[in-house]
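Just below is one structure, and these are the notes that go with it.
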Amino acid sequence: MLGVQPGIVDPGGDDAIEDVIEAPFVSIDDFLPLADAERLRAGIDGHFAEPNKHEAGRHQVWNYWYVPQLYTYLRTTPEKVIPQPAVMRFYQALSVYAREVLGLGHVTWPNLSLYVDGCEQQLHNDSANGRLGYVYSLTRDARKTIGGETIVLKEGDLFRGNLRQAAAGWGLYDLIEPRFNRLAIFDDRMPHGVRRVEGSMDPVEGRLVLHGHISEQGPSAEGPVPAVAIGSAIDAALAVLLGELAEAPGGHHGPLTIRITIGASGRVERLQPLLNRVARDDGLPAGEAVARALAAIRCLSWPASATSTEATIPILFGGKLPWMEKA
Ligand SMILES: [Fe+2]
């Protein structure tokens, strides 16, 4: 299920690009050390234990999120249920993963959601909410419910892609089971939902997940060349290309994140794409535009310094997210 796919077109360098994430979703089992995952789950089990002894602080906690024909589930701020340090450990681990593996520096504080019998999410996207959605499951693998999988529609044109062949179920979508301690990350623009949970009404038997969104937070760098100098040089180098693409038919949109090593000489020693989710409105491949961007960056140089600098840079085709424009 791990959605890491082979690398994109290498425009000439010998950089190792085989680890770039291009798939619409990635699923990582055993995301946290087991003791940390169990600590999170123990908070939930403790919260629901001895219900006849609950006082207001414990029972007036959950928001019933109901939007007709769209959303039916319960949600809350996790630290109302789980000790805050345990939630913070998860948040920090996810923030490190987002920065180091995905090249994205902004992670929203999670919501905790609960799905019992009848709860579901119909198909929607979160194109305006983030670049990637995250769902970390605290659902027990052995439970008295079924369903609760995250549904992610297949990429591409599901009508024209199947004009001459039968397609059903998994031919049209992927399902990510809410296994305990599994982290799922998916492109927020992909239509997705949650399969209806059926079975027990007991909350500890339901689908329990921490979830939120991941997006960019400007360039970061370690070493003598400041992040802002790297970011502004890359912005300037790509201004013409991104402007051209904005005007051109086909419309490019989405994040390309890179890790760049600038040697003591000031030249680019290594350029590693981390995440490439650039897509075109017309469905054609976006590889050529990505290759041109990488080639332009590879030609840049900065003043020589004593040691090398390693930087992580998000490049956003199609502009910022709407809420970032307003911020
Ligand atoms: Fe969503």
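According to my numbering, the sequence shown is numbered sequentially starting from 376.
Backbone N, C-alpha and C define an ideal beta-carbon position, used for all residues, glycine too.
Counting only runs of 4+ residues, the alpha helix (DSSP H) found wholly inside the region 392-462 occupies 409-423 and 431-434, in chain order. When DSSP states are grouped into helix, strand and coil, Gly531 belongs to the coil group. For Asp562, the secondary structure class from DSSP, reduced to helix, strand or coil, is strand. For Val584, the number of other beta carbons within 10 angstroms of its own is at least 16, and it is reported as buried. Around Ala679, the same chain offers Ala639, Ser640 and Gly641 as residues with beta carbons nearer than 8 angstroms, after the five sequence neighbours per side are excluded. Less than 9 angstroms separates the beta-carbon of Arg554 from that of Asp404. The straight-line gap separating the alpha-carbon atoms of Phe406 and Gly523 is approximately 19 angstroms.
Residue Val462 holds the alpha-carbon nearest to the alpha-carbon of Leu415 among Thr447, Arg518 and Val462. Just so you know, the alpha carbons of Ile633 and Gly480 end up roughly 12 angstroms apart. Neighbourhood of ligand 1, defined by CB distance below 6 angstroms to any of its heavy atoms: His499, Asp501, Gly508 and His567, in chain order. Separation of the CB atoms of Ala671 and Ala612 is rounded to 5 angstroms, and the pair is thereby assigned contact status at 8 angstroms. In this structure, DSSP gives Ala596 an extended state, which the three-state scheme calls strand.
Cβ-Cβ separation between Trp677 and Ala608: approximately 7 angstroms, consistent with a contact (criterion under 8 angstroms). Looking at the backbone, the Cα of His567 and that of Tyr441 are separated by about 17 angstroms. Per DSSP, Asp577 is not a residue of any beta strand (DSSP E), being assigned neither H nor E. Scanning the region 486-523 for uninterrupted beta strand (DSSP E) segments of 3 residues or longer gives 486-490, 495-499 and 507-512, listed from N- to C-terminal end. Contact between Thr687 and Pro599 is ruled out by a C-beta separation of about 16 angstroms, above the 8 angstroms threshold. Under a 10 Å Cβ-count criterion, Gly629 is classified as buried, with 16 or more other Cβ atoms of the shown protein chains found around its own Cβ.
Counting other Cβ atoms within 10 Å of its Cβ, Phe534 stays below 16 and is therefore classed as exposed.
Annotation: Ala542 is outside any alpha helix (DSSP H) and is labelled neither H nor E by DSSP.
Going by C-alpha positions, Thr636 is about 7 angstroms away from Leu646.
In the three-state reduction of the DSSP assignment, Phe465 falls in the helix class. An exposed status is given to Arg539, since fewer than 16 other beta-carbon atoms sit within 10 Å of its beta-carbon.
Within 10 angstroms of the beta-carbon of Tyr509 lie 16 or more other beta-carbons, which makes it buried.
Within the model, the alpha-carbon separation for Leu675 versus Val643 is close to 7 angstroms. Between Asn486 and His588 a beta carbon distance of about 10 angstroms is seen, past the 8 angstroms cut, so the two are scored as non-contacting.
By the CB criterion at 9 angstroms, Met699 and Ser595 fall outside the cutoff.
Annotated three-state conformation of Val653 is coil, per DSSP. About 5 angstroms separates the Cβ atoms of Glu573 and Ile521, confirming a contact at the 8 angstroms cut-off. In the DSSP assignment, Ala612 falls within the alpha helix (DSSP H) that extends over Ala602 to Glu622.
No residue range can be given for Glu552, since it is assigned to no beta strand (DSSP E) and is classified by DSSP as neither H nor E.
Distance from the Cα of Ile457 is smallest, within the candidate group Val482, Leu449, Gly421 and Pro426, for Gly421.
Of the other Cβ atoms in all chains shown, fewer than 16 fall within 10 Å of the Cβ of Glu597; this residue is therefore exposed.
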